[in-house]
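Final position of the sequence shown in our numbering is 276; the numbers increase by one with none missing.
Glycine is no exception: its CB is placed at the ideal position from the N, C-alpha and C atoms.
No experiment lies behind these values; they were computed from the predicted model shown.
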Amino acid sequence: MAEASRTTTALLNNLHEADNEAAWREFDERYRPILIGFSRRLGLPEADAVDVAQETMVQFIKEYREGKYDRERGRLRSWLLGIARFRVAGIYRKRATSRVSRGESAIVDMPRENEFEEAWDTERRMTILRKALDELKNKTKIADKTVRAFEMVALQQRSVVDVAAELEISENDVYLAKSRVASKLKEIVASLESLYDEDAV
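Okay, here's the thing in structure tokens:
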């Protein structure tokens, strides 16, 4: 796996080298999960979401290599979102055509403009949170049970009483686990946010 340690600016600069596989792999690992989640949030099934992500990445690479992407004229988020939006809309148009051919109404619920941006921003946050949790589990010395207590209380919204009983720890330990993990997670998220800062120059 590529080391996800470059800011978006540094990563984009490295993408100018067509044979820099590590940079392209890092770009893919950073944005493909967002694109897939974005598409699912807009109502696409998994297979279509994967297709949208693939087509968006291929189109971005093509346009980037042709020199069409210029950071001075717009954010990376806007560029990727524009490509992905077009791909998602294409799937919705195909659905409408398919419905007409079956003698059904052509009306399909195409996502509204603000839904595209909300889906992207939400999925970006969720991707960063997932990466932060992975890093917390794999690169810190916080005990597994402590992390598990945090996940159960903070992410699964389970009661402190239930979590304490299931993990066979005191309720106070659950509160301490939540506080400790939340604090460390906040640090990791802040670090990852800088890698996903599409406004940096």
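If you reduce the DSSP assignment to three classes, tell me which class residue i lands in.
i      : result
Gln231 : coil
Ala240 : helix
Gly118 : coil
Ile217 : coil
Met76  : Note that Met76 scores 37 on pLDDT, short of 50, meaning its location in the model is unreliable; the coordinates nonetheless yield the value given after this. In the structure shown, Met76 sits in coil (DSSP, three-state: anything other than H, G, I, E or B).
Pro108 : helix
Tyr139 : helix
Arg168 : helix
Arg199 : helix
Glu280 : In the structure as shown, the chain starts at 76 and stops at 276, and residue 280 therefore has no counterpart that could be examined.
Asp94  : coil
Arg205 : helix
Gly157 : helix
Closest by CA to residue i, which one among the options?
i      : options                           : result
Glu198 : Arg140, Thr83 and Leu117          : Leu117
Ile217 : Val235, Leu251, Ala240 and Arg200 : Leu251
Phe102 : Pro120, Thr83, Leu119 and Asp94   : Thr83
Glu47  : Thr202, Ala122, Gln129 and Glu92  : Residue 47 falls outside the range modelled here, since the chain spans only 76 to 276, and no answer is possible.
Arg105 : Ser245, Arg152 and Arg160         : Arg152
Thr202 : Ile109, Trp99 and Glu96           : Ile109
Phe225 : Lys206, Lys259, Met132 and Leu267 : Lys259
Go to residue i, then tell me how far its alpha helix (DSSP H) extends in each direction, as first and last residue.
i      : result
Thr84  : Thr83 to Asn89
Asp248 : Glu246 to Leu270
Are residue i and residue j closer than 9 Å when you measure CB to CB?
i      : j      : result
Ala164 : Phe113 : no
Gly158 : Glu188 : Reading the sequence as shown, one finds Ile at residue 158 and not Gly. It is not a contact, given that the beta carbons lie outside the stated cut-off.
Leaving out the 5 sequence neighbours to the left and right, which residues in its chain are closer than 7 Å to residue i when beta-carbon positions are compared?
i      : result
Ala124 : Ile111, Ser114 and Arg115
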